[in-house]
Every structure is written in C-alpha cells, then in structure tokens.
Amino acid sequence: MDHASLEAFLQTAGPVLARGPIGVVLIEDLVEVEGTIRHQLAAGFRAVLAFSPPVWQVPAELAGQVHRIPFDMRAPEALTRAMNPLIAACPETTWLHYCYNAEYLFHPFSETRNVRELLAFHTEERRDAMLTFVVDLYAPDLGRNPDAVNLSEAMLDRAGYFALARKNAAGQVLDRQYDFFGGLRWRFEEHVPENRRKIDRVGLFRAQKGLLLRPDHSFNIEEYNTFACPWHHNLTAAIVSFRAAKALKTNAGSTFDIPSFRWYNSVPFAWNAQQLMELGLMEPGQWF
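In the numbering used here, the protein residues as written are -9 to 278.
Right under this line is the structure:
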C-alpha cells in the first residue's frame, strides 16, 4: 500500500500499528530491498513499513503487508525524523524492529521459532527492549561484486569483537551498558567517523510514551539501552548487514584503499542463527 507521506500514513495507521510486531525498513539505496522485506515478513512481523525513495515500488504480491512511505533516508537526521513520530503514534503494547536495506534480523532459534514467540518470552521477562549486534557481511570477491554484496557467498568475521563500558557525559559508568565494536568498522576504522564505529543497536523495542530514538541508535530511556536485566542475562539478537561494506566500497575516500575485505578470520556465513550463537554474537539467555 502506498502513502503520500509519513504524516498521511500516521493519520490512518491506528489499526496497523495496534497489531504488532511491526518491521521497519529504512531504504537508503535499491540494493536488496525486497530481500530485506521478505526476510522480515518470513520472521513473523505482521506488517512492514518501507521508508522509501520514490523510484521504488511495492511488489504486487506484497502490497497487503507492506506500507510504502516516501522518505529521503539520505537527508540529515533521517533516522530520528522517521522513527520518532512513528514511535509516538504506536500503542505502548506494540513491538518494533528497524533496520536498513540489505540487513537481516536473526534471533536465537530463528529457524524454528518466529519473532512473535521471541517477543512473547522477552515480554514475560519484563523487558521492553532487546540489544542487537550489527554483524557485517561482505562479498569475498570485490572484483565480481563491486558493491560488496553477494548473498550466496557472504562472509563475516569470526573474531575481533570487543566491548567497553559505556560512560555518561560526566564520565560515570552506566549500569549494564556497553559500547560494542568489531567487524569492518573496527578493521577499517580510519575510514569510519568515530561516532559511527559502534555495532550495538537496540533493534527490537516496545513503544512507550515519551520514548525517543537518538542518532547513535540508543534511547532516551536508559533501561532500553541495557543488555540485560539486573538479575540474569536476557536474550540478544543479531542484525547481519551489508551496509558497512557497501558504504566502504562506494565511498570514493575508501574504495581504492580496500582491495578485499577478507582476512584470516573471515568465514562463510551459513545464514542461520546457530552459527551466530556459536560465535558469541547473540545468546538465548533463559530461553531454551
């Protein structure tokens, strides 16, 4: 379904937003748009909102579940200008997931359990948000795939991930919050602005009155930014992503410095949750 604008969508979106979970795809270019949307629908999201440039159109067979909202995701502050009005319009029971095109959500046991089952359990644990790690994917042969995207041969880093305690502006360590690093943003950090090197994102969260998403993918309610509750570890998930690889290979300032993303810790991605759990990139918490 097409909408004239975000404002126009929100005027009539009540029935859609009341029946979550809702997937959101923020479309920056035309790479793997349909694949990302189909992945969200297959995961169990009841509807997908596509913030899209005018040139992309919803495929006819997806029109009943996909809402196309014209939006320039290349504009300044596009992330917060897209997501915060949407969050404010949602009932407080609605779960949301957002990602960019060529990104794919995986959660523990996602081969046999859908995202609705995941969020039902997480809600029972009195959690309103779930930490996700953005795990970089990349093509092994940039000669054949100059945009670094190849789903059938995708690779990821099996090592090189680390975390630092997160501090507030006064230098105080925040409770149960870490800044996570690794992947291409770490290996090629000289080409990545310092404020874009983290790989943690609160990729699944429940709407709440007054909740605001910040430009660094954190929220103004600090409990949303924690990796677990105080009494035990909780579920985490992963978003596997070609986004960093695409940016590094299409940016004139970095493309000629990177003949290949492969290194001795590169391994083929198996497109399953088990591999991500075995690599320590997400964990099931108390969900067995």
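Beta carbons: idealized from backbone N, C-alpha and C, even for Gly.
Which value, in whole angstroms, describes the spacing of the CA atoms of residue i and residue j?
i: PRO45; j: ILE229; result: Strictly speaking, residue 45 in this sequence is Val, with Pro absent from that position. Going from the Cα of VAL45 to the Cα of ILE229 covers about 26 Å.
i: LEU52; j: PRO98; result: 27 Å
i: ASP19; j: TYR90; result: 9 Å
i: ARG106; j: GLU212; result: 24 Å
i: ASN262; j: TYR94; result: 11 Å
i: GLY275; j: HIS222; result: 8 Å
i: ALA144; j: GLN47; result: 27 Å
i: ASP190; j: MET120; result: 11 Å
i: LEU194; j: ALA227; result: 9 Å
i: GLN198; j: THR83; result: 8 Å
i: PHE314; j: ASN224; result: Past the boundaries of the shown model lies residue 314; the chain is included only from -9 to 278, so the question cannot be answered.
i: GLU114; j: THR240; result: 43 Å
i: LEU76; j: TYR254; result: 42 Å
i: MET73; j: GLY172; result: 26 Å
i: ILE12; j: GLN30; result: 9 Å
i: VAL15; j: LEU39; result: 6 Å
i: LEU69; j: LEU201; result: 14 Å
i: PRO81; j: ALA8; result: 6 Å
i: ALA234; j: ASN210; result: 25 Å
i: ILE249; j: GLN1; result: First, the residue type needs correcting, since residue 249 is Pro and not Ile in the sequence shown. Going from the Cα of PRO249 to the Cα of GLN1 covers about 48 Å.
i: PRO136; j: ALA92; result: 15 Å
i: LEU127; j: ALA3; result: 34 Å
i: LEU154; j: PRO49; result: 43 Å
i: ARG28; j: HIS181; result: 32 Å
i: ALA65; j: ILE17; result: 12 Å
According to DSSP, which residues form a beta bridge with residue i?
i: GLY13; result: VAL38 and HIS87
i: MET145; result: TYR128 and PRO258
i: LEU154; result: ASP169
i: ALA119; result: PHE195
i: VAL163; result: LYS157
i: ASP(-8); result: ARG58
i: PHE209; result: LEU203
Closest to residue i by C-alpha separation, out of the options, would be which residue?
i: ALA(-6); options: MET145, ASP131 and ILE59; result: ILE59
i: MET(-9); options: GLN55, VAL14, ALA78 and LEU76; result: GLN55
i: LEU141; options: THR102, PHE(-1), PHE259 and TYR168; result: PHE259
i: ASP165; options: LEU238, ASN215 and ILE248; result: ASN215
i: PRO183; options: LEU154, PRO49, GLY243 and PRO81; result: GLY243
i: LYS236; options: ASP206, ARG116 and GLU22; result: GLU22
i: TRP277; options: LEU0, GLY10, SER100 and PHE41; result: SER100
i: HIS57; options: ARG64, ARG36, PRO66 and GLU67; result: ARG36
i: ARG103; options: ILE17, LEU(-4) and ALA32; result: ALA32
i: ASP147; options: PHE111, GLU67, GLY10 and PHE123; result: PHE123
i: MET267; options: GLU67, GLU179, GLN167 and ALA149; result: ALA149
Identify whether residue i lies in helix, strand or coil by the three-state DSSP scheme.
i: HIS112; result: helix
i: ALA65; result: coil
i: PHE178; result: coil
i: PHE279; result: Since the displayed the chain opens at -9 and closes at 278, residue 279 lies outside it and no answer follows.
i: HIS57; result: strand
i: ILE27; result: helix
i: PHE96; result: strand
i: LEU201; result: coil
i: ALA235; result: helix
i: ASP190; result: strand
i: VAL230; result: strand
i: ASP247; result: helix
i: MET73; result: helix
i: PRO5; result: helix
i: PHE278; result: coil
i: THR102; result: coil
i: GLN47; result: coil
i: MET267; result: helix
i: LEU225; result: coil
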